[in-house]
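*Asks:*
Residue numbers (the numbering used here): 2 to 254.
See the structure below:
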């Protein structure tokens, strides 16, 4: 059985003091990682401090993006070597906002996945369709193409330890959520893509999250589905109370 994973993506929210207050506030309340993997992906400025605080309990800290080079003249970027040097556990790669606003390509995301693995950082690889693509009936084709490109060149053992995240672009930050049935269908198509690229054992091992206006009110229904192994959460991860409710639901799923 795949262990659920709840990853909060804070995006460009929270001051330094607010970030510390959040992590300290959940310190004694995060469920055992025997039952759920709890992750917070915070702004890069805060990562070293949050890693230090979270090392006292079962909360993993992740980054929201990174470059694929270890160093170089890339003003404003952060490298996998820099993330590894402060013991970051996860990194979100290929989020739709990065693809749309910062022109990230499938090729660049594939390079970033390789760089993350080289530094023992678990990549959370995002995929998802626009409203126009959903209405055109090309959702499964779109996500299969993104996942195929992201995983190119990696073996089954590497893929088993990655996290894949289905985030319909039309549901991110809009208050709209794919139905649990629709989300499960697409997550199932992602799993089928992994099986086609590798084998059944790899497809059954890899964890697939759903993201897109996930809240405590809908998390249980989503996690009850066969192919949904957790959530990549935006707004509901900004408040300790709602984040802890998500973790509790996942731990009891």
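Just so it is clear, CB atoms sit at the ideal spot from N, CA and C, and this is done for glycine as well. All figures in this text were calculated on a predicted structure; none of them were measured in a lab.
For residue 72, which residues in the same chain have their Cβ closer than 7 Å to its Cβ, ignoring the five residues on either side in sequence?
*Replies:* Here the set comprises 80 and 82.
*Asks:* Sort out for me which residues DSSP pairs residue 63 with in a bridge.
*Replies:* In the DSSP output, where bridge partners are listed per residue, residue 63 has 42 and 91.
*Asks:* By the 10 Å Cβ neighbour count, where 16 or more other Cβ atoms means buried, how is residue 178 classified, buried or exposed?
*Replies:* Counting Cβ neighbours within 10 Å, residue 178 comes out buried, since at least 16 surround it.
*Asks:* How many Å lie between residue 94 and residue 108 at the Cα?
*Replies:* Those two C-alpha atoms are separated by around 12 Å.
*Asks:* Cα separation between residue 42 and residue 11?
*Replies:* Residue 42 and residue 11: Cα-Cα distance of roughly 6 Å.
*Asks:* So, at 7 Å on beta carbons, what are the nonlocal neighbours of residue 78 in its own chain, with the 5 sequence-adjacent residues on each side left out?
*Replies:* Contacts found: 68.
*Asks:* Does the beta-carbon of residue 185 have 16 or more other beta-carbons within 10 angstroms, so that it is buried, or is it exposed?
*Replies:* Result: buried.
*Asks:* Report yes if the C-beta distance between residue 112 and residue 130 is below 8 Å; otherwise report no.
*Replies:* No, these two residues do not count as a Cβ contact at 8 Å.
*Asks:* Using a threshold of 8 Å, state whether the C-beta atoms of residue 245 and residue 8 are closer than that.
*Replies:* Not closer than 8 Å, so no.
*Asks:* Bridge partners of residue 231, per DSSP?
*Replies:* Bridge partners of residue 231: 6.
*Asks:* Skipping 5 residues on each side, what residues in its chain have a beta carbon closer than 8 Å to that of residue 243?
*Replies:* So the list reads 216, 217 and 237, once near-sequence residues are dropped.
*Asks:* DSSP three-state label for residue 166, please.
*Replies:* Looking at residue 166 - three-state DSSP - the assignment turns out to be strand.
*Asks:* Helix, strand or coil, according to DSSP, for residue 53 in the structure here?
*Replies:* Looking at residue 53 - three-state DSSP - the assignment turns out to be helix.
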